[in-house]
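To start, the structure itself, in structure tokens.
Okay, here's the thing in structure tokens:
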């Protein structure tokens, strides 16, 4: 605790208090050095005292340098073990506290220079301690651990690299390597030091670098026995340390290895990396992957022979072994081991990149290496089959790039034709093994089939043979029945159904609709999760939208979902709590159907197919709001479904608009959910633009929208007058985004409504809100209203002007804007508020009422203007009015900049002279 306080608070103490506390601490440390405080000689306690002393001394850089120099001199001269122990502990703590303690900048900067000047002597003395023989000086030799810990923190200070240490003190470098070879108890810290030395580049390249690298490479190769021993004895910490230093060396000097200046050592290093890459602890093995990726970045012809081909064949086997499930029943796999394997295969450790690198080099040999496994493996060897499919799936995108196009097959190279032949044989093997395949094999195969959906479609169309497409769909349909493969199969089903629409037009719909049988629960198996089900439904509807069998497919999907929905709604009693979840699921399914029926092909029935589907769905929705109005998830799904109906059928939904609007108002008034507002925004988009239809030209639509927006405005105003604006920022954001869309597409519904003043009052109350998204929506609404008052909204100019200039209104606008800039708005909203302010002033700058109200606003300290003098306020008033008097892009940009300066001055982030130095010219 005292150490932590010293780190954080010493820098804040007064000089007198520092002096008063330093004197007794120095006395204590002197007694500690002299060995007169035996109770303080224990390692942890002595280390803490040294750390506290280091914080104190660093604050006086010259004194600290003098003390370190004295300790170096006395320790070097006397060779006393006690003196050396104190030097090692204190000098290590000085370096550590330079990184961790809060220090004055000047003191830290000066201390950096002092440490740099002392580093050479410190490292030399540490080297002597490290090399001390135990038989000659046992007490000094006992300090090896402390010396290495000290060297570990001084390596950076001294700017040491492999080459500089080799040239200055070769024996120390060899001692570090020997510690690795002998599995010394100091192996971890020696490995850490070597990693730091390796990572430091020397500029210019030292003349002895080549010799240094050869010596280090030979030393690292001698650690092979230590690596094997650590593996046999499960010493994972040592394995990790050894792998880390070897991998770091190989990565850093990959060019030297590949150039083959020392071919035997370079090849041996590659073989050692393969050994380390096969370590059963995948976190350790993954340390080697970056090296192979760096190797693959180099041109093949310029590499040492071993790295041109053979190394990657062996790496391929290593990667397959690491990614394979262990022998035995997969259900018996330990959960931690399963997570480790899945995490490793997920690719974040470089596994995917490694397989891609291997394929880039081996190409057709990649599949040739796996084909015997896939075509001849017995069902008992499912692990080999599964990992082979996983490897192919990982490089699927690269394989597809090399496959010949069906349109130019005759001009393809022999290698491409061979690749295509192997892919077809792999698919034949996969599709022919469904009866006895392991569930995890089916899982991986399902993913692979989806990845090749487009290619399968292209070949089938070219040959006018659709057997493969049918077999793939049947395989995926079967895979939907297994819990382990369901998610992969659902995604691939969607991919294949979407990619192969041209083929499916020619095929019976049974290949598609068979998948629906797996949606519900069966004996011993729960119903398909909604996420997977939605993927399958998307594939079905996408295929149906271009198929002559559209009605059959849709009838199957909708009958299944609507039957399920009706059954759920009849549920009562103990299962009542599950009803909202189940209803929400079915609404999502129905929404997916309508969404992807937005533009069916003529062969599928065109818009009539969509209208038929909506008509089938509509009666089943009537009971939902009365029963589930309180459930936000269910209401969100319902209003999303209404939104998709509006978007897909557009003007054909006009007769239903009134009913939807009534539900929007009802649910919003009762629950304040966001979904009804988002649905209303969709309605405005649909009926306000496009297809030659304009809501402003249809009085019935305008009346419906006017009533909708009026009721929502009243409801929102009532809600936010009884709740804080910060309580429901998403509701506020959605409401004003809706109001903005009304201005864009159906302004009459807003500007001619009796509730328009209520909307203005609510928006002005929100100007000083802290939430960025919701307040920005308010500002966009108001800014557009003012900017377009003479252009797109010119027909409503009297109404807009009245909202600003009527008695009391001008003051509300200006108080809101000035208060937001001066005190309330976060800095991220300065610019949007300034845009609104410019629109307000530039629209009404020529009115005396606006000028008078602005002058009055600037006299009110309550708005946050307490930092401004009368001259400051007069200056900013003058600048604002001048810039707003002649609106242009330049004047607006300068006005916004002035507003930002004004806000910062009011918040004491800038001085008021900034306002007086503002230049109007230019």
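Residue numbers (this note's numbering): 634 to 1555. All C-beta atoms in this analysis are idealised placements derived from N, C-alpha and C, irrespective of residue type, glycine included. Remember, it's a predicted structure, so these values are computed and weren't measured experimentally.
The beta carbon of residue 1429 sits closer than 7 Å to those of 1380, 1384, all from its chain and outside the five residues before and after it, given in chain order.
If you compare the alpha carbons of 1467, 1457, 909 with that of residue 1412, the shortest gap goes to 1467.
Taken atom to atom, the span from the alpha-carbon of residue 1049 to that of residue 1247 is near 48 Å.
For residue 1217, the enclosing alpha helix (DSSP H) covers residues 1212 to 1228. Residue burial annotation: residue 1172 is buried, with at least 16 other C-beta atoms found within 10 angstroms of its C-beta. Taking a 10 Å sphere around the C-beta of residue 928, we find 16 or more other C-beta atoms and assign the residue as buried. By the C-beta criterion, the stretch 821 to 828 is judged not to be in contact with the stretch 859 to 867, since fewer than 3 inter-stretch pairs fall below 8 Å. Contact between residue 951 and residue 911 is confirmed by a C-beta separation of about 5 Å, below the 8 Å threshold. Residue range 777 to 791 is occupied by the alpha helix (DSSP H) that includes residue 787. Here residue 1220 is not near residue 1282, since their CB atoms are 8 Å or more apart. Beta-bridge partners assigned by DSSP to residue 1158: 1155. Unbroken alpha helix (DSSP H) stretches of 4 residues or longer found wholly inside the stretch 1100 to 1173: 1100 to 1112, 1119 to 1132, 1134 to 1137, 1143 to 1146, given in chain order. Separation of the CB atoms of residue 1109 and residue 1132 is rounded to 12 Å, and the pair is thereby denied contact status at 8 Å.
For residue 686, the three-state secondary structure derived from DSSP is helix. Taking 8 Å as the cut-off, the beta carbon of residue 692 is found no closer than this to the beta carbon of residue 652. The beta carbon of residue 747 is closer than 6 Å to those of 694, 698 in its chain, skipping five residues each way along the sequence. In the structure shown, the three-state DSSP call for residue 760 is helix.
In this chain, the alpha helix (DSSP H) harbouring residue 1549 covers 1546 to 1549.
In this model, residue 870 and residue 945 are separated by some 28 Å (Cα to Cα).
Non-local beta-carbon contacts of residue 1426 in its own chain, meaning distances under 6 Å to residues more than five positions away in sequence, involve 1380 in chain order. Here DSSP, grouped into helix, strand and coil, assigns residue 927 to helix.
For residue 1373, the enclosing alpha helix (DSSP H) covers residues 1362 to 1378.
Residue environment: residue 1047 is assigned as exposed (fewer than 16 neighbouring CB atoms within 10 Å of its CB, all protein chains considered). Within its own chain, the residues whose Cβ lies closer than 8 Å to the Cβ of residue 906, once the five positions on either side in sequence are excluded, are 879, 880, 883, 921, 924, 925, listed in chain order.
Annotation note: the stretch 709 to 772 contains the following uninterrupted alpha helix (DSSP H) runs of length 4 or greater, listed N- to C-terminal: 714 to 733, 738 to 764.
Within the same chain, Cβ atoms closer than 8 Å to the Cβ of residue 773 are found at 712, 714, 717, 762, 765, the five residues on either side in sequence being excluded. For residue 890, the secondary structure class from DSSP, reduced to helix, strand or coil, is helix. A Cβ-Cβ distance of about 7 Å is found for the pair residue 1450 and residue 1473, placing them in contact under the 8 Å criterion.
Considered as a whole, the stretch 943 to 979 harbours 943 to 956, 968 to 978 as its complete alpha helix (DSSP H) runs of no fewer than 4 residues, in chain order. Contact between residue 1194 and residue 1223 holds: their C-beta atoms lie close to 6 Å from each other, under 8 Å.
In this structure, DSSP gives residue 1521 a state outside helix and strand, which the three-state scheme calls coil. Annotation for residue 1543: no alpha helix (DSSP H) segment contains it, and DSSP assigns it neither H nor E.
Note on geometry: alpha-carbon atoms of residue 851 and residue 1461 lie some 59 Å from one another. By the neighbour-count criterion, in which a residue is buried when 16 or more other Cβ atoms sit within 10 angstroms of its Cβ, residue 1355 is exposed.
Of all C-beta pairs linking the stretch 1079 to 1086 to the stretch 1026 to 1038, three or more are shorter than 8 Å, placing the two stretches in contact.
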